[in-house]
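Residue numbers (numbering that gives the first Met the number 0): 0 to 486. Glycine is no exception: its CB is placed at the ideal position from the N, C-alpha and C atoms.
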Amino acid sequence: MHDIVGCRIISPRHPLIPISGDQAGFFAGAGALSGIARAVARMRARPDGCRQYAHECIGRLHAAADLNTVVHCDEQGWLDEACQADRSDAALPLRGVPLFVKDSIFTRELPTSSATPALAGFVAGVDAPVVANLVAAGAYVAAKTNMHELGYGITSNNAATGAVRNPADPAMIAGGSSGGSAAAVAAGIVPAALGSDMGGSLRIPPALCGVCGYRPSVGRYRSALAIASTCVTAGPIAATVADCILLDAAMRRQQPPPLALPALAGMRIGIPREHFWENLDGELAAVAEAALPALAAAGVQLVEADIPGVGELAEAISTPIARFETLRNTRQYLSISGCGVGFDELVAEIRSPDVKAVYESLGTDPTSPAEYRQALEVGRPRLQQAYRACFARHRLAALCYPTTPLPARPIGQDETVEINGSRQPTLFAYVRNTHVGSNADLPSFSLPAGCTADGLPVGMMLESAAGSDDSLLAIAAAIEPVFAALL
């Protein structure tokens with residue numbers, strides 16, 4: 000519930016966004032880089048192209064049914080949307096593109112249940128602004144994706160809706176909480192999906208499934224959240240950086256920038272060994288370490304750039320902020336959304352034991368307002384200043400480190416996982432790297448960078464200074480082919 004997006008925002012359909020000359024240039028420049036651009040070109044090549052493409056996507060959804068990526072899907076409605084796109088003559092950049100949307104993001108017609116029983120039949124009746132903007136650009140919502148129950152976990156092993164399975168190995172987790180979105184894209188069912196992120200949900204699933212995930216700065220998308228939350232944001236998951244850039248622009252009602260890539264030669268990328276590179280799974284470490292000489296060979300200047308005490312700074316604020324805002328936001332959401340469910344009823348029907356334990360403890364052992372203010376007003380500025388000092392001292396374009404300390408583990412290891420012979424809490428093991436920048440509100444991007452010997456994907460994360468989203472996206476696009484050569 001902490002990542003519900005679009006609560007009680009009345010979003011009338013925006014005017015359609017036509018393709019401008021600059022946007023047409025983006026499509027021409029994207030070429031093979033963008034799966035969305037290729038799909039749009041195919042659909043425009045024949046009168047029933049959108050419907051044909053929808054049939055293909057539905058066929059792929061059926062073929063990959065064992066991955067359990069979706070929880071709500073109206074196939075007839077999907078085909079109707081595609082037929083409507085075929086009948087339209089509007090020159091829209093996303094015309095006919097079916098998108099999967101995480102089940103915690105408000106959509107006009109399909110339920111928004113956060114994959115929990117108490118909200119199973121709730122239909123918001125409005126689109127969250129990020130969804131409305133994509134619809135205005137010609138896309139449509141084809142399905143709502145499975146996720147960790149109420150968004151509070153990283154395995155997407157949901158006792159109510161079933162586990163999301165990893166396309167690389169269906170016995171393994173897909174990551175969470177946006178697991179269904181990442182797995183659907185990785186399986187090639189649809190070209191892109193929306194997720195949301197508090198401590199890693201837009202980066203952990205893409206890293207474990209082998210696709211791209213972009214966590215923007217909080218507030219980059221207008222009115223993305225009706226209930227203010229410090230660390231939560233929606234964002235795109237897609238096969239390529241070019242697709243994420245295209246979706247990001249549409250979600251902001253902007254024209255996508257030209258695909259002009261920055262030069263890698265001389266670009267200063269920081270390698271923060273302290274915390275982020277420590278105690279990595281052995282096979283994942285080998286893949287991550289191999290990415291560094293590849294960057295150096297491309298001309299990148301790798302800079303040892305630790306942030307002293309960053310793990311402790313983040314840990315001191317992460318739990319108080321998350322717990323306080325989860326309880327506050329959940330109660331507010333249930334009160335104003337019109338879903339007709341109270342907090343006690345919601346908690347009583349939670350099926351996943353790990354989530355139920357958290358929500359029960361929120362009521363019996365809440366974080367105090369004083370603890371919350373200390374974390375938000377004292378601890379968080381210290382963390383942000385530590386990052387600013389690091390970027391300035393080393394003159395960095397970005398930081399680079401493994402998105403997760405370990406690859407996907409078998410479904411069912413919800414409580415603990417093993418890293419180098421030691422058992423660690425599953426949630427904290429996976430969010431160890433991602434939650435730090437989330438608490439500092441830094442934009443970050445997870446790129447696929449190879450696989451373990453067992454074929455499990457490994458993601459590398461790029462993180463840039465506060466507010467530098469456009470620069471980060473350009474850097475990710477420039478580095479993408481370097482990592483792609485390692486796949």
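For this session: With DSSP collapsed to three states, give me the class of residue 197.
Result: coil
Exercise. So, using beta-carbon positions, are residue 210 and residue 185 closer together than 8 angstroms?
Worked result: yes
Problem set entry | Local conformation of residue 450 per DSSP, three classes | strand
Exercise. For residue 208, which of 232, 168, 195 has the nearest alpha-carbon?
Worked result: 168
Exercise. Under three-state DSSP, which class holds residue 189?
Worked result: coil
Exercise. Grouping DSSP H, G and I as helix and E and B as strand, with all else coil, what is residue 348?
Worked result: coil
Exercise. Between residue 324 and the rest of its own chain, which residues show a CB-CB distance below 6 angstroms, the 5 nearest in sequence each way excluded?
Worked result: 228
Problem set entry | Cα-Cα separation, residue 383 to residue 439 | 5 angstroms
Problem set entry | Those runs of the alpha helix (DSSP H) which lie wholly inside the stretch 291–353 and span at least 4 residues | 309–335, 342–347
Exercise. Whose CA, out of 286, 318, 262, 85, lies closest to the CA of residue 45?
Worked result: 85
For this session: Tell me whether the beta-carbon of residue 149 lies closer than 8 angstroms to the beta-carbon of residue 349.
Result: yes
For this session: With a 10 Å radius around its C-beta and 16 neighbouring C-beta atoms as the bar for buried, classify residue 486 as buried or exposed.
Result: exposed
Exercise. Run through DSSP, which three-state label would residue 378 get?
Worked result: helix
Exercise. Looking only at DSSP bridge pairs, what is residue 280 linked to?
Worked result: DSSP, once it has assigned bridges, lists no residue as partnering residue 280.
Exercise. Which parts of the stretch 49–109 are runs of the alpha helix (DSSP H), unbroken and 4 residues or longer, counting only runs that do not cross its ends?
Worked result: 74–86
Exercise. Thinking C-beta only, is residue 80 closer than 8 angstroms to residue 151?
Worked result: no
For this session: Figure out for me which residue from 305, 212, 477, 419 has the closest Cα to the Cα of residue 460.
Result: 212
Exercise. Whole-angstrom Cβ separation of residue 240 and residue 462, contact assumed at under 8 angstroms?
Worked result: About 15 angstroms separates the two Cβ atoms, so there is no contact after all.
For this session: Measuring alpha carbon to alpha carbon, tell me which of 235, 69, 400 ends up nearest residue 289.
Result: 400
Exercise. By the 10 Å Cβ neighbour count, where 16 or more other Cβ atoms means buried, how is residue 177 classified, buried or exposed?
Worked result: buried
For this session: Pull up the CB-CB distance for residue 173 and residue 351, whole angstroms please, since I reckon it's below 8 angstroms.
Result: Not quite, the Cβ-Cβ distance comes to about 15 angstroms (not below 8 angstroms), so this is no contact.
Exercise. Can the beta-carbon of residue 278 be found closer than 8 angstroms to that of residue 419?
Worked result: yes
Exercise. Taking Cβ to Cβ, would you say residue 66 is nearer than 8 angstroms to residue 136?
Worked result: no
Exercise. By Cβ distance, which residues of its chain are closer than 6 angstroms to residue 12, with the 5 residues on each side in sequence left out?
Worked result: The predicted model places residue 12 with a pLDDT of 42, which falls under 50 and marks its position as unreliable; any figure quoted below should be read in that light. Here the set comprises nothing.
Problem set entry | Proximity below 8 angstroms, CB of residue 162 to CB of residue 193 | no
Problem set entry | Candidates 182, 470, 219: closest to residue 206 by CA position | 182
Exercise. Should residue 421 go down as buried or exposed, given a rule of 16 or more other Cβ atoms within 10 Å for buried?
Worked result: exposed
Exercise. Around the C-beta of residue 129, are 16 or more other C-beta atoms found within 10 angstroms, so that it is buried, or is it exposed?
Worked result: buried
Problem set entry | Helix, strand or coil at residue 168 according to DSSP, with G and I counted as helix | strand
Exercise. Is the stretch 393–410 close to the stretch 257–273, with three or more CB pairs under 8 angstroms?
Worked result: yes
For this session: Output yes or no for whether 8 angstroms exceeds the beta carbon distance between residue 203 and residue 433.
Result: yes
Problem set entry | Nearest to residue 408 (by Cα), restricted to the options 389, 454, 59 | 454
Exercise. What are the boundary residues of the beta strand (DSSP E) that residue 398 is part of?
Worked result: 397–401
Problem set entry | Cα-Cα separation, residue 369 to residue 317 | 15 angstroms
Problem set entry | Between the CA atoms of residue 214 and residue 464 - distance to the nearest angstrom | 13 angstroms
Exercise. Does the distance from the C-beta atom of residue 105 to that of residue 123 stay below 8 angstroms?
Worked result: yes
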